[in-house]
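Heads up: the structure comes next, in structure tokens.
Numbering (UniProt numbering), first residue to last: 1 to 187.
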């Protein structure tokens, strides 16, 4: 059976190389790939797809997956939205939330040794709302707040907060995204 989430120590999941081409994903699934499997470190194909696959590909994977909505897929999609390479991530997040994926789950690095993990240091404790705030993505902040994201969940990371624990409002101020304050402070 093909494992769409298989990893080795030097490469991302095999799936990340094919996720941007829906025909390849369909081909793999038709030949027995299991959209429900996780990598040895616990990263699911849906979590990877949330950051780089088209909405149609993500729908296909979720339809084929025999698992309940869990993990940090929403955070991964929001992080991908920070760099504008995948402009449809707002729609991806909307779809994931419609499917029941958790809105406030923090980004997980899925590394076996967090003491020697650069990503763990960089990302620290951040969820979808935190990514949207520091990047100034008002469209994502608006969606997440409309859908119930926690406005009081604290964040901290080496690269974004200098290991200081900040509220979402403090994070917006730190990065100069004052236009987000009414959204974050409002009821």
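Don't be surprised by glycine CBs; every beta carbon is placed ideally from N, CA and C. What you are looking at is a predicted structure, and each value in this text was computed from that prediction instead of being measured.
Burial state of residue 126 is buried, judged by a 10 Å Cβ sphere holding 16 or more other Cβ atoms.
Taking 8 Å as the cut-off, the beta carbon of residue 179 is found closer than this to the beta carbon of residue 138. Secondary structure note for residue 57: its alpha helix (DSSP H) is the uninterrupted segment 55-64. With contacts defined by Cβ atoms closer than 8 Å, residue 52 and residue 75 do not form a contacting pair.
In this structure, the straight-line span from the alpha carbon of residue 100 to that of residue 147 is close to 11 Å. In this structure, DSSP gives residue 161 a helical state, which the three-state scheme calls helix.
Contact between residue 90 and residue 61 fails: their C-beta atoms lie close to 19 Å from each other, not under 8 Å. Taken through DSSP and simplified to helix, strand or coil, residue 166 comes out as strand.
Contact check for residue 122 against residue 67 fails: the beta carbons are separated by 8 Å or more. Sixteen is the threshold: when 16 or more other Cβ atoms of the shown chains lie within 10 Å of the Cβ of residue 47, as they do, the residue is buried. The beta carbon of residue 17 is closer than 7 Å to none in its chain, skipping five residues each way along the sequence. Residue 35 and residue 149 have their C-alpha atoms some 27 Å from each other.
A direct Cα-to-Cα measurement between residue 22 and residue 107 gives close to 25 Å.
Listed as beta-bridge partners of residue 156 by DSSP are 125. Excluding its 5 nearest sequence neighbours in each direction, residue 154 has C-beta neighbours in its own chain below 7 Å: 165, 166 and 167, listed in chain order. The residues 52 and 53, in chain order, have a CB closer than 7 Å to that of residue 20 in the same chain once the five nearest residues on each side in sequence are set aside.
For residue 45, the enclosing alpha helix (DSSP H) stretches over residues 45-52.
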